[in-house]
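Numbering (full-length UniProt numbering), first residue to last: 1 to 363.
Glycine included, C-beta positions come from ideal geometry on N, C-alpha and C.
A quick write-up on the structure given underneath.
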């Protein structure tokens, strides 16, 4: 989700970006904008929302995942950080404190599930560690401490992973902000195997490699069998599908309607930084997957619009790229998960500004 990207830097970077925002508002540096190509998603279906979990029950949902018949809600600040519900919206359990201790999490980066063995993993965005949860043990034990699979203690090493680190078949994979490659393929102990997949070619030749890489930050997800990877870009309408092995990542299908746009280059401390203006058009907010399809939540709104981090259009593509269609929702959401191509669950807000969990059926 795009909101995640705004908390990844340390406090001194935050204040620097405040300066960037001021300069953007007042300056006259030319903005980079772009036209749109026709969409592939021409088959449209309308879906109506049903409220599953009402606002007063929730804290501040940050992520959502589904494992078996259990919804996992990840909170940003509210504790416990993880809340479990059944598919009727009934609370099951709360777990995981915010902190640096064993089994604790600072900020949830992503939640990944394994339907085969009822395990799920949570990547700690600020703690730079990957935790493994057993749903069976979590529900059985009053006090449960998840297993820490790997901790990225080296700052140089851990800086390669922007918002997501996922568990593959005998490997880990992280979204990279290094110009050496779009993804970092890792051993199970977290050591780097190699960077893979070039970033899209520069549409602005004046950009440095790292600036171009930052334009294409996004969200990634593995297929249930963990043999394929899907990636969507936050600041562009772009979807990429890949096949993943221990030795390589090969492109299956790629779609781009518009590249990153509405950005400026600002000098801070003698270095050039990319900053998006209020005219920048948002691309994809989140991504979910099933055995058959990838579901990409699209915004299309400009950052200047107050609800730009929410969307009501879901682009759906089969893993081979041969089938494409879209769902139009009657309610905005900003995170989603899918139940076997039958039900979509999403995080939303009600008319009072309270968070809620909604579902869309009859896919």
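Beta-carbon contacts of residue i that lie in its chain and below 7 Å, excluding the five residues immediately before and after
| i | result |
| --- | --- |
| residue 358 | 49, 50, 51, 52, 331, 333, 346 and 348 |
| residue 280 | 235, 261, 262, 263, 302 and 303 |
| residue 350 | 55 and 356 |
| residue 190 | 150, 152 and 172 |
Spatial distance of residue i from residue j (CA atoms)
| i | j | result |
| --- | --- | --- |
| residue 304 | residue 277 | 8 Å |
| residue 257 | residue 236 | 8 Å |
| residue 110 | residue 231 | 14 Å |
| residue 255 | residue 184 | 22 Å |
| residue 222 | residue 262 | 30 Å |
| residue 213 | residue 234 | 12 Å |
| residue 352 | residue 144 | 35 Å |
| residue 266 | residue 112 | 36 Å |
| residue 289 | residue 271 | 39 Å |
| residue 268 | residue 275 | 11 Å |
| residue 180 | residue 240 | 18 Å |
| residue 202 | residue 182 | 14 Å |
| residue 140 | residue 172 | 28 Å |
| residue 363 | residue 199 | 34 Å |
| residue 138 | residue 207 | 48 Å |
| residue 107 | residue 148 | 15 Å |
| residue 46 | residue 194 | 43 Å |
| residue 196 | residue 54 | 42 Å |
| residue 26 | residue 80 | With a pLDDT of 38 at residue 26, under the threshold of 50, the modelled position of this residue cannot be trusted; read the value that follows with caution. Taking the straight line from one Cα to the other gives about 42 Å. |
| residue 95 | residue 82 | 5 Å |
| residue 323 | residue 215 | 28 Å |
| residue 205 | residue 88 | 52 Å |
Per DSSP, the bridge partner or partners of residue i
| i | result |
| --- | --- |
| residue 365 | Limits of the chain in this structure are 1 at one end and 363 at the other, which puts residue 365 out of reach. |
| residue 364 | This structure does not reach residue 364, given that the chain is present from 1 up to 363, and the question cannot be answered. |
| residue 364 | The shown model of the chain, from 1 to 363, leaves out residue 364, and the question about it has no answer. |
| residue 75 | 61 |
| residue 226 | In the DSSP output, where bridge partners are listed per residue, residue 226 has none listed. |
| residue 364 | This structure cannot settle anything about residue 364, because the visible part of the chain is limited to 1 through 363. |
| residue 359 | 50 and 345 |
| residue 335 | 347 |
| residue 107 | Residue 107 is not bridged to any residue. |
| residue 112 | 121 |
| residue 147 | 132 |
| residue 326 | 44 and 315 |
| residue 245 | DSSP lists no partner for residue 245. |
| residue 195 | 184 |
Neighbourhood of residue i by C-beta distance below 6 Å, restricted to the same chain and skipping five residues each side
| i | result |
| --- | --- |
| residue 58 | 355 |
| residue 133 | 120 and 146 |
| residue 226 | 168 and 169 |
| residue 282 | 299, 301 and 308 |
| residue 367 | Only positions 1 to 363 of the chain appear in the structure, and residue 367 is not among them; the question remains open. |
| residue 343 | 359 and 361 |
| residue 34 | Summary for residue 34: the model assigns pLDDT 48, below 50, so the residue's position carries little reliability; its value from the coordinates is reported in the next sentence. Excluding positions up to five away in sequence, the list reads 258, 259 and 261. |
| residue 291 | 224 |
| residue 294 | 230 and 317 |
Host alpha helix (DSSP H) of residue i (start-end)
| i | result |
| --- | --- |
| residue 139 | 135-140 |
| residue 210 | 209-215 |
Residue interval of the beta strand (DSSP E) (run including residue i)
| i | result |
| --- | --- |
| residue 166 | 165-167 |
| residue 346 | 343-349 |
| residue 103 | Segment: none, residue 103 is in no beta strand (DSSP E) and carries neither H nor E. |
| residue 96 | From DSSP, residue 96 is part of no beta strand (DSSP E); its letter is neither H nor E. |
| residue 120 | 119-124 |
| residue 311 | 311-318 |
| residue 340 | Careful: residue 340 lies outside any beta strand (DSSP E) and carries neither H nor E. |
| residue 201 | It is not in any beta strand (DSSP E) - residue 201 carries neither H nor E in the DSSP assignment. |
| residue 250 | 249-258 |
| residue 173 | 172-175 |
| residue 88 | That residue, residue 88, is in no beta strand (DSSP E); it is neither H nor E in DSSP. |
| residue 185 | 183-186 |
Distance between beta carbons of residue j and residue i, contact taken as under 8 Å
| i | j | result |
| --- | --- | --- |
| residue 150 | residue 130 | 5 Å |
| residue 229 | residue 210 | Residue 229 to residue 210, Cβ: 22 Å. No contact. |
| residue 60 | residue 77 | 6 Å |
| residue 220 | residue 286 | Actually they do not touch by this definition, with Cβ atoms about 11 Å apart. |
| residue 315 | residue 296 | 5 Å |
| residue 122 | residue 325 | Not really, about 31 Å apart at Cβ, beyond 8 Å. |
Proximal residues to residue i (C-beta, below 8 Å), its chain only, five neighbours per side dropped
| i | result |
| --- | --- |
| residue 68 | 115, 118 and 135 |
| residue 217 | 5, 162, 163, 175, 177, 233, 234 and 235 |
| residue 65 | 71, 72, 74, 111, 112, 113, 120 and 337 |
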